[in-house]
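Below: the structure, in structure tokens.
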Amino acid sequence: MAKLELSGIRKSFGTTEVLKGIDLTVQDGEFVAFVGPSGCGKSTLLRLICGLDEITAGQMAIDGEIVNDVPPAKRGIAMVFQSYALYPHMSVADNMGYALWLAGTPKAEIRARVEIAAKVLRIESYLDRKPRQLSGGQRQRVAIGRAIVREPRIFLFDEPLSNLDASLRVEMRIEIARMKERLGTTMVYVTHDQVEAMTLADKIVVLNAGKVEQVGSPLDLYNKPTNRFVAGFIGSPRMNFLPLGAGVGDQRFAIPGGSVRVPPDLAAKPSEIGIRPERRYVPDRYRRDPADLRSPGGQALRAYPN
Ligand SMILES: Nc1ncnc2c1ncn2[C@@H]1O[C@H](COP(=O)(O)OP(=O)(O)OP(=O)(O)O)[C@@H](O)[C@H]1O
Ligand SMILES: [Mg+2]
């Protein structure tokens, strides 16, 4: 178990700056999900945390100790990748115990730790098989098991379930939730799947173009997004945005199934108002298009001065 602290983390490849100053604390035992558009820097940040890449600027500490220059094997971090990365010629048990074997751990201890991890992930009966004799979901369990046997201080997951079909993903999501309960280890989890992030994470970090847009509990991000990007990114289907001209603050607009009041502080400048589709009841006869927010009479939106 460990607390992870990132301050002012920057990463450049050549002249391109990919991470532009990341400040973030992951508490001991916390499950934190990174979400954000493709290319925003999620995998890069994970690689910096586990030490596969070097930090360009900033500081990273685990339990208060600065680890910028500590080699990956000494950080006590285990990473699980999307592409299981198992050794095809080794049995499941050997794949899982390999890192311990490299570290010179006695055979009996390796076997014991492999068996415990196999039990957590319910793959005890596959220990003698080769990876090719397993389904995708079973292979990913082995990859996760390989991380568990190392008894890391922190687990990192980079989209571990995205190669699996929808039903297996649901099953594995439950498996990961169980693992979180049983082990209580600090976990950082990158995903494109909002349901995964919302259901598994204690805290979600929304990244965009190398910066943190917002950090919060799943419900905080959903209910109180602090900016337009987070409002539009979190939620599926996405939030509708209505452009508002200057001077419409503190007025009420009719929309199908109800009305919305524009907050008074939006009066001065042109802005937008966001409405979550699921918050509105739209009678079927008006539901032509999910984004169709015309009023019940079919007219354009009407403004009602207070
Ligand atoms: N080794 C590298 N050399 C140069 N540019 C890189 C390198 N690795 C990543 N990048 C660039 O850094 C940016 C962030 O990449 P990264 O893989 O972290 O994105 P990501 O958020 O994980 O995206 P995805 O959701 O598609 O996995 C991208 O623009 C990518 O092209
Ligand atoms: Mg990635």
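Its first residue numbered 5, the sequence shown is counted upward by one per residue in the numbering used here.
Each residue gets a CB set at the ideal place from its N, CA and C atoms; glycine is no exception.
Take residue i as the anchor and find which of the options has the nearest alpha-carbon.
i, options, result
"ASP254", "THR60, LEU125, ASP269", "ASP269"
"SER166", "ILE81, LEU131, TYR88, VAL266", "TYR88"
"GLU179", "THR190, THR195, GLN142, HIS196", "GLN142"
"ARG79", "VAL71, GLY188, VAL153", "VAL71"
"VAL96", "LEU131, GLU113, ARG145", "LEU131"
"LEU23", "THR29, VAL30, LYS15", "LYS15"
"SER47", "VAL194, LEU172, ALA116", "VAL194"
"ASP27", "SER263, ILE238, LEU211", "LEU211"
"ALA205", "ALA213, HIS196, MET191", "MET191"
"VAL252", "GLY239, SER240, ILE238, PRO267", "PRO267"
"GLY214", "GLY45, ALA250, ARG173, ILE114", "GLY45"
"ALA170", "VAL199, TRP105, THR189", "VAL199"
"SER311", "VAL264, ILE259, ALA201, THR60", "There is simply no residue 311 to check, as the chain begins at 5 and stops at 310 in what is shown."
"GLU119", "GLY149, HIS93, ALA107", "GLY149"
Round the Cβ separation of residue i and residue j to the nearest angstrom and send it over; I've been treating them as touching at under 8 Å.
i, j, result
"PHE245", "GLU217", "Not really, about 16 Å apart at Cβ, beyond 8 Å."
"ASP135", "ASN99", "The question names Asp, yet the displayed sequence has Pro at residue 135. Correct: roughly 7 Å between the Cβ atoms."
"LYS315", "VAL30", "No statement about residue 315 is possible, as the shown extent of the chain runs from 5 to 310 and does not include it."
"VAL146", "ILE158", "Wrong, their Cβ atoms sit about 20 Å apart, outside the cutoff."
"ALA82", "PRO164", "Going by Cβ atoms, the distance from ALA82 to PRO164 rounds to 12 Å, so no, they are not a contact pair."
"ARG51", "ALA103", "The Cβ separation is near 18 Å, so there is no contact."
Tell me, please, which residues DSSP counts as bridged to residue i.
i, result
"LEU28", "LEU10"
"MET183", "Note: MET183 sits in no beta bridge, so no partner."
"PHE35", "MET191"
"SER275", "LEU248"
"VAL146", "DSSP, once it has assigned bridges, lists no residue as partnering VAL146."
"GLU217", "GLU217 is not bridged to any residue."
"MET100", "For MET100, which the question treats as bridged, DSSP gives no partner whatsoever."
For residue i, name the three-state secondary structure that DSSP assigns.
i, result
"ALA122", "helix"
"MET243", "coil"
"ILE114", "helix"
"ILE170", "It is worth fixing the name first, because residue 170 is Ala in this sequence and not Ile. In the structure shown, ALA170 sits in a helix (DSSP, three-state: H, G or I)."
"ALA107", "coil"
"VAL286", "In this predicted model, VAL286 has a pLDDT of only 47, less than 50, meaning its place in the structure is not dependable; the value taken from the coordinates is given anyway. Coil, per DSSP."
"PHE237", "helix"
"ASP57", "coil"
"MET83", "strand"
"SER129", "helix"
"GLN198", "helix"
"MET94", "coil"
"VAL74", "coil"
"LYS207", "strand"
Leaving out the 5 sequence neighbours to the left and right, which residues in its chain are closer than 6 Å to residue i when beta-carbon positions are compared?
i, result
"PRO287", "Because PRO287 carries a pLDDT of 47, less than 50, the predicted location of this residue cannot be relied on, and the following value inherits that uncertainty. Nothing listed; no residue qualifies."
"GLY278", "ALA235, MET243, PHE245"
"PRO247", "GLU276"
With a CB to CB cut of under 7 Å and the five nearest residues on each side skipped, what residues in its chain are close to residue i?
i, result
"VAL124", "ILE152, MET183, ARG186"
"ASP224", "none"
"GLN63", "SER11, GLY12, ILE70, ASN72"
"LEU90", "ASN99, PRO135, ARG143, VAL146, ALA147"
"ARG133", "SER95, VAL96"
Enumerate in chain order the residues of its own chain whose CB-to-CB distance from residue i is below 8 Å, with the five nearest sequence positions on each side excluded.
i, result
"VAL219", "LEU28, LYS207, ILE208, VAL209, VAL210"
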